[in-house]
Amino acid sequence: MKVYFGRRIAEENSRLREAFILERFVPSASWILRSLRCTEDELLATAGLDAVVFNRILVFSIRIFSLAAFLCVLGVLPLNYFGQDMLHVRIPSASLETFTIGNMQERSRWLWVHCVALYIISGVACLLLYLEYKHIARLRLLHVSRASTNPSHFTVLVRGVPKSTKESISCTVESFFTKYHASSYLSHQIIYKVGKLQKIVTGAKKAYKKFKHFKGTTVDQRCGPITYRCGLCGASSKSFELLPVEPEQEMKKHDVKDSELSLPDKDCGAAFVFFKTRYAALVVSEIVQTSNPMEWVTSLAPDRDDVYWSNLWLPYKQLWIRRIVTLSGSIVFMFLFLIPVTFIQGLTQLEQLQQRLPFLNGILKKKYITQLVTGYLPSVILQIFLYTVPPTMMFFSTLEGPVSHSERKRSACCKVLYFTIWNVFFVNVLSGSAISQVNALSSPKDIPMVLARAVPVQATFFTTYVLTSGWASLSSELMQLFGLTWNFIMKYVLRMKEDSYFVPSFPYHTEVPKVLLFGLLGFTCSVLAPLILPFLLVYFFLGYVVYRNQFLNVYCTKYDTGGLYWPIAHYTTIFSIVLTQIICLGVFGLKESPVAAGFTVPLIILTLLFNQYCSNRLRPLFKTLPAQDLIDMDREDEQSGRMDDIHHRLHSAYCQFADTDDIPLKGVHVDRDAEASGSSGESSCREDTNQPTTSDISHPTLEGLPVNRLRHAVRSLSSIIRLQKRGLSPQPAGPSADVNPQTA
Numbered sequence: 001m002k003v004y005f006g007r008r009i010a011e012e013n014s015r016l017r018e019a020f021i022l023e024r025f026v027p028s029a030s031w032i033l034r035s036l037r038c039t040e041d042e043l044l045a046t047a048g049l050d051a052v053v054f055n056r057i058l059v060f061s062i063r064i065f066s067l068a069a070f071l072c073v074l075g076v077l078p079l080n081y082f083g084q085d086m087l088h089v090r091i092p093s094a095s096l097e098t099f100t101i102g103n104m105q106e107r108s109r110w111l112w113v114h115c116v117a118l119y120i121i122s123g124v125a126c127l128l129l130y131l132e133y134k135h136i137a138r139l140r141l142l143h144v145s146r147a148s149t150n151p152s153h154f155t156v157l158v159r160g161v162p163k164s165t166k167e168s169i170s171c172t173v174e175s176f177f178t179k180y181h182a183s184s185y186l187s188h189q190i191i192y193k194v195g196k197l198q199k200i201v202t203g204a205k206k207a208y209k210k211f212k213h214f215k216g217t218t219v220d221q222r223c224g225p226i227t228y229r230c231g232l233c234g235a236s237s238k239s240f241e242l243l244p245v246e247p248e249q250e251m252k253k254h255d256v257k258d259s260e261l262s263l264p265d266k267d268c269g270a271a272f273v274f275f276k277t278r279y280a281a282l283v284v285s286e287i288v289q290t291s292n293p294m295e296w297v298t299s300l301a302p303d304r305d306d307v308y309w310s311n312l313w314l315p316y317k318q319l320w321i322r323r324i325v326t327l328s329g330s331i332v333f334m335f336l337f338l339i340p341v342t343f344i345q346g347l348t349q350l351e352q353l354q355q356r357l358p359f360l361n362g363i364l365k366k367k368y369i370t371q372l373v374t375g376y377l378p379s380v381i382l383q384i385f386l387y388t389v390p391p392t393m394m395f396f397s398t399l400e401g402p403v404s405h406s407e408r409k410r411s412a413c414c415k416v417l418y419f420t421i422w423n424v425f426f427v428n429v430l431s432g433s434a435i436s437q438v439n440a441l442s443s444p445k446d447i448p449m450v451l452a453r454a455v456p457v458q459a460t461f462f463t464t465y466v467l468t469s470g471w472a473s474l475s476s477e478l479m480q481l482f483g484l485t486w487n488f489i490m491k492y493v494l495r496m497k498e499d500s501y502f503v504p505s506f507p508y509h510t511e512v513p514k515v516l517l518f519g520l521l522g523f524t525c526s527v528l529a530p531l532i533l534p535f536l537l538v539y540f541f542l543g544y545v546v547y548r549n550q551f552l553n554v555y556c557t558k559y560d561t562g563g564l565y566w567p568i569a570h571y572t573t574i575f576s577i578v579l580t581q582i583i584c585l586g587v588f589g590l591k592e593s594p595v596a597a598g599f600t601v602p603l604i605i606l607t608l609l610f611n612q613y614c615s616n617r618l619r620p621l622f623k624t625l626p627a628q629d630l631i632d633m634d635r636e637d638e639q640s641g642r643m644d645d646i647h648h649r650l651h652s653a654y655c656q657f658a659d660t661d662d663i664p665l666k667g668v669h670v671d672r673d674a675e676a677s678g679s680s681g682e683s684s685c686r687e688d689t690n691q692p693t694t695s696d697i698s699h700p701t702l703e704g705l706p707v708n709r710l711r712h713a714v715r716s717l718s719s720i721i722r723l724q725k726r727g728l729s730p731q732p733a734g735p736s737a738d739v740n741p742q743t744a
């Protein structure tokens with residue numbers, strides 16, 4: 001049940017989570033009606049604006065390809081089929097190439113029908129694109145206005161802070177913004193490079209959750225370890241074993257080591273700077289601060305849950321080198337992928353396969369073997385190789401140094417999109433060796449003719465690819481085979497308790513490129529090989545239902561880009577339309593139809609002008625936030641008296657050690673001097689350079705448990721808390737009440 005309703009279980013905390021009922025693993029058919037009844041407002045409230053954008057991509061595809069299927073299947077397809085003076089056999093036994101434009105005679109007087117269909121599809125597609133672009137832009141503005149207390153609107157991420165030998169990074173940031181932005185500057189928080197310490201905090205938090213139910217109990221030291229037998233092989237394993245109590249001398253040694261490994265202030269030249277108004281933060285994020293653009297680089301901060309802390313520690317001057325390296329790595333990986341794709345494309349050409357592998361002549365003479373090898377097998381092999389692409393591109397995107405999880409996923413989405421369009425479409429169309437593919441693209445004026453000859457021939461492969469990669473992927477997405485298998489192994493083989501609060505996020509970097517690739521295939525084949533359109537329509541209709549169900553029940557929205565996936569979809573669709581027009585121009589030239597070719601040229605120009613208009617009219621709303629809306633929100637908050645409360649919450653909005661918030665520190669002894677020095681805040685430049693002393697720290701929930709190693713890990717939290725408080729708002733150092741620690 002957790003596999004198919006992970007998001008709902010995490011929210012509702014179902015009391016039947018641990019029960020095993022077989023029917024729970026088989027989704028009821030009622031999910032179809034629930035997903036269809038869900039309105040766009042409900043989807044927006046449940047899964048965020050990115051889910052609505054993905055849903056609108058599917059809606060746009062359904063609308064445009066429904067029109068294309070009606071025009072081309074009823075009008076263009078019969079002309080293609082009867083284009084040659086030949087004896088036609090039964091339609092089911094006819095070759096798929098018979099239904100393509102390649103079957104039309106040269107100088108045919110019916111090619112004007114193809115040109116008119118191209119005009120109608122292109123015009124309606126541009127109109128629908130504009131309406132969708134305008135609708136999503138309105139939703140984005142509504143998304144910004146509804147998030148009235150979003151701390152990221154008041155926060156600017158500053159990178160490339162110059163280091164000084166005379167003062168600390170905190171003093172440098174404070175003095176700079178106090179001098180140049182005194183009227184709007186509120187406070188700031190320095191970012192520390194403390195990856196190892198963050199792991200300690202996370203480990204202590206997990207250990208606390210495991211042992212908190214032992215509060216007030218005493219464990220006998222003579223008890224034996226608890227053993228379980230594996231559900232697969234029957235071997236026994238020790239799931240819990242008491243650790244020996246360390247002698248007092250060993251504990252003193254650990255205390256000495258802890259004092260030696262105290263926390264230095266490893267700042268990384270970056271900070272979150274808070275401003276009094278949204279408009280002030282926007283202005284600071286958009287302007288160049290100094291004459292050196294590599295220093296004091298500002299940008300609007302991402303949401304707190306979206307921050308990718310590891311990349312905030314990277315020096316800003318390294319980012320351009322990282323981008324070049326990742327771009328080079330992506331290109332090399334793209335060309336290395338030509339090896340399996342070229343082999344796969346060779347399977348679709350039976351004559352070349354028989355020449356290169358003569359020992360297969362006897363097997364390939366069988367009809368069903370021929371259909372399997374040339375039709376189904378290449379698409380399956382290609383799909384298997386394509387599974388390695390998303391994690392590779394995600395790795396490259398991480399190396400680029402994005403400051404947010406959403407930016408990293410969006411960058412991976414673009415890389416996967418470029419990769420799939422090149423390798424699935426162009427490489428398969430320009431079949432042959434890699435050298436011949438490069439030679440084919442070396443002369444730009446020959447590209448339309450090369451594509452015009454190749455695309456109709458590859459219609460069979462693209463249709464099969466829609467079945468294997470489209471329909472099969474939807475069934476796999478609905479059944480959640482990987483999640484179901486992993487959940488079964490973890491729960492019944494490894495006997496591990498499932499984490500009901502872990503819910504995966506939607507993989508936009510794999511699904512958005514897949515949908516846009518099918519849109520590219522639909523546009524390019526709509527006029528040339530319209531038989532693919534019914535299969536694409538089935539995919540988009542099923543995807544509309546399946547993905548809405550996944551958003552509502554399976555996936556959890558951890559962060560949101562605010563609709564930034566739509567510009568990717570818009571530009572990809574424009575590219576698909578223009579590419580279709582260029583290919584049709586080449587086809588009309590091959591068929592010696594000057595009238596159809598002449599009318600195609602202005603259509604290309606009009607499409608590019610439409611794209612430029614959208615870029616000027618709507619694209620700026622996705623690059624930055626409108627100042628008018630932000631000023632209105634600031635005035636409304638000031639008049640209602642909410643601004644002071646927002647300013648107060650800003651100080652703890654971007655806490656770098658948020659994991660410690662869940663661990664109550666009642667009954668913890670904290671050194672009075674350490675707390676006084678740790679509560680100075682980020683605006684105080686009089687920082688004590690002495691290393692903090694490590695105090696004896698314990699937790700009351702660990703009473704009676706011999707977990708000295710855990711206590712040593714928790715002991716380091718005293719210095720971590722000091723760093724946390726130094727990154728918060730300035731507060732006067734007050735006395736802290738000493739509480740006698742409880743010994744474990």
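In the UniProt record's numbering, the protein residues as written are 1 to 744. Beta carbons: idealized from backbone N, C-alpha and C, even for Gly. Keep in mind that this is a model prediction, so the values were computed, not measured.
Residues near residue 458 in its chain [Cβ-Cβ closer than 7 Å; skip 5 each side]: 428, 429
For residue 651 and residue 536, the rounded distance between their alpha carbons: 51 Å
Contained alpha helix (DSSP H) runs [length at least 4] in the segment 475-536, N- to C-terminal order: 481-488, 508-526
Inter-stretch contact (C-beta, 8 Å, three-pair minimum) for the segment 578-586 and the segment 325-343: no
Selected residue, minimal CA-CA separation from residue 34, among 553, 612, 621: 553
6 Å Cβ shell around residue 146 - same chain, five flanking residues per side excluded: none
Residue 758 (DSSP reduced to helix, strand or coil): The structure shown has nothing for residue 758, since the chain only spans 1 to 744.
Length-filtered (4 minimum) alpha helix (DSSP H) runs lying within the segment 564-600: 565-590
Cα-Cα separation between residue 67 and residue 452, rounded to whole angstroms: 23 Å
Residue 159 in three-state terms, based on DSSP: strand
Opening and closing residue of the beta strand (DSSP E) in which residue 308 lies: Premise fails: residue 308 is in no beta strand (DSSP E) and is neither H nor E.
Nonlocal neighbours in the same chain, by C-beta distance under 7 Å from residue 575, ignoring five residues either side: none
Closest Cα partner of residue 379 within the set 425, 98, 410: 425
Rounded C-alpha distance that separates residue 221 from residue 493: Residue confidence is low: residue 221 scores 47 on pLDDT, short of 50, so the model does not pin down where it sits. Its coordinate-derived value is still stated next. Computed Cα separation, rounded: 29 Å.
Spatially closest choice to residue 408 from 573, 339, 508, by CA coordinates: 508
Cβ pair count under 8 Å reaching 3, the segment 116-136 against the segment 68-82: yes
Within 8 Å, strictly: CB atoms of residue 572 and residue 417: yes
Alpha-carbon spacing of residue 46 relative to residue 98, whole angstroms: 48 Å
DSSP beta-bridge partners of residue 745: Because the chain in this structure spans residues 1 to 744, residue 745 falls outside the shown range and cannot be described.
The ligand GTP heavy atom lying under 7 Å from the CB of residue 136: Ligands displayed in this structure: none; no statement on the ligand GTP is therefore possible.
Residue environment, residue 140, which counts as buried when at least 16 other CB atoms sit within 10 Å: buried
Bounding residues of the beta strand (DSSP E) (the contiguous stretch that carries residue 170): Element bounds for residue 170: not the beta strand (DSSP E) but the alpha helix (DSSP H), 169-180.
Nearest candidate by alpha-carbon position, reference residue 389, set 420, 534, 478: 420
Continuous alpha helix (DSSP H) stretch holding residue 46: start and end: 40-47
Per-residue DSSP class, three states only, for residue 297: strand
Assigned secondary structure, residue 269 (DSSP; H/G/I helix, E/B strand, else coil): strand
Cβ-based burial, residue 341 [other Cβ within 10 Å; buried from 16]: buried
Inter-residue CB distance, residue 76 and residue 533 (contact presumed, cutoff 8 Å): Going by Cβ atoms, the distance from residue 76 to residue 533 rounds to 10 Å, so no, they are not a contact pair.
Beta-carbon spacing of residue 622, residue 567 below 8 Å: yes
Nearest neighbour of residue 562, chosen from 50, 304, 275 [CA to CA]: 50
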